[in-house]
Amino acid sequence: SHAHGLCLIIDLLVDPENGVIGDANEIAGVGHRVVHGGERFSDPVLVTDEVIRAIEDTVPLAPLHNPPNLAGITTAMALFTQVPHVVVFDTAFFQTMTPEAYLYALPYALYTDLGIRRYGFHGTSHRFVSAECARLMGTTPAKINCITIHLGNGCSMTAVRGGKAVDTSLGMTPLAGLIMGTRSGDVDPAILTFLHREKGLSVEEIDTLLNKESGLKGICGQNDMRDIHAAIDRADESSPRAQLALDMACYRNRKYLGEYLAVLGRTDAVVFTAGIGENDAVVRAKTLQGLEHLGITLDPAKNTAKNSEARAIHADNSPVAVWVIPTNEELEIARQTCTVLAG
Ligand code: AMP
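The opening position of the sequence shown corresponds to residue 229 in the numbering used here, with each subsequent residue numbered one higher.
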């Protein structure tokens, strides 16, 4: 249960050998990640009854995520009764997008009545790495334009101008945009009605197909990029599809990168983060392949050097910097929680 899990975490925190605090009473506040804040939340907030109700109202937009997030909040509030609790929304960073970026070209009433629009996800990660990028480049977020590429199990790309998100690849749900482990990313929406008509697939079956059976897994049967590299290296009958899945994912990344270079105009940096973005030099190189004429040139030795720290991997003469920056959503949530607690 959530309660049992949290008790184990507290035991770890106060563990005399490996813990970081002496006593659970030293905890001054609890920060919670909530996936969907709808249009209501563009900043972290203190948990109140009203905030809980607002998160409940957003459940239809994130039926798989917001209910367990709420369960986590309720459990933690029962365990930490004396301290403030803060919610950090994964969608909040994208509330700076303008309607031309967040609206779909559907009947406008679907937006006003049902909230159908692009919300974006992984916001805590994009905010963290874009701010880190500015810091590492010796400046502030307000002074740089960057494109942040979060490639993990879920994948997303964000154009960030002066510290504010202007566009992002995930949409109303975390299914749109880039090719992911098991999620399709962009497809022609008419494929869904075609599948229904031709194969009689139900709404639930189409949902499962797009979210759990597509993406890298749909193409080659593997959803973990390490397994895909292993299949390519084996040079057996599974290799061509594994290679195709890798090539398709990198091609899609490059296509989105091109869009966001056009959206931003002046671009100071491209940032890779998350499991694949931080560890996979092949994906980084293939994603950026042929973009020299747009000012992006990798240094192959820096790209492939084993390193788990934040690092620049562009060539000295590359007008656009390329960074690998480990994401740290927990630290970002803790920082935002501190900011709210400080008033
Ligand atoms: P995340 O969602 O950020 O935890 O990323 C998880 C994904 O990162 C895994 O499914 C792998 O595909 C990928 N990944 C993790 N480590 C590596 C690695 N060393 N090389 C390539 N991909 C990796």
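Positions of the beta carbon are idealized from the N, C-alpha and C atoms, including for glycine. The structure displayed is predicted, hence computed values, not measured ones.
Residue i, enclosing alpha helix (DSSP H) - first and last residue
i	result
M453	M453 to R462
T567	E557 to L569
N531	P528 to T532
V248	Element bounds for V248: n/a, residue is neither H nor E.
A490	S467 to L492
A538	No alpha helix (DSSP H) contains A538, which DSSP labels as neither H nor E.
T501	T501 -> not in any alpha helix (DSSP H); beta strand (DSSP E) instead, spanning A497 to T501.
A509	A509 to L516
A304	N294 to L307
A329	P327 to Y330
Distance CB(residue i)-CB(residue j) smaller than 8 Å
i	j	result
L379	I504	yes
A256	L569	yes
D496	C374	yes
F317	G391	no
L437	G409	no
R469	I447	yes
S384	L406	yes
R572	F321	The structure shown does not extend to residue 572, since the chain is modelled only from 229 through 571, so no value can be given for it.
V394	V499	no
L403	S412	yes
G399	H350	no
V287	V279	no
R539	V552	yes
V315	V275	yes
T525	N545	yes
S229	T555	no
Heavy atom of the ligand AMP within 7 Å of residue i beta-carbon
i	result
D204	This structure cannot speak to residue 204, because the chain is shown only from 229 to 571.
A502	yes
D508	yes
R518	Per the sequence shown, the amino acid found at residue 518 is Gly instead of Arg. No; taking the cut-off as 7 Å, the Cβ of G518 has no heavy atom of the ligand AMP nearer than that.
G409	yes
G380	yes
Continuous beta strand (DSSP E) stretch holding residue i: start and end
i	result
S384	C383 to R389
H232	Per DSSP, H232 belongs to no beta strand (DSSP E); it is in the alpha helix (DSSP H), H230 to L241.
A549	A549 to V552
Proximity test, residue i beta-carbon vs the ligand GDP heavy atom, cut-off 7 Å
i	result
G405	No copy of the ligand GDP appears in this structure; the ligands present are the ligand AMP.
Checklist entry - Along the chain, which unbroken stretches of the alpha helix (DSSP H) at least 4 residues long are found entirely within the stretch 393-450? => result 418-427, 431-440 and 443-448
Checklist entry - Taking only runs of the alpha helix (DSSP H) that begin and end inside the stretch 251-287, which ones reach a length of at least 4 residues, in chain order? => result 277-285
Item to check | Inter-stretch contact (C-beta, 8 Å, three-pair minimum) for the stretch 328-336 and the stretch 289-307 | outcome: no
Checklist entry - What runs of the alpha helix (DSSP H), each 4 residues or longer, lie entirely inside the stretch 335-389? => result 336-342 and 351-364
Item to check | At least three beta-carbon pairs within less than 8 Å, the stretch 478-493 to the stretch 450-469 | outcome: no
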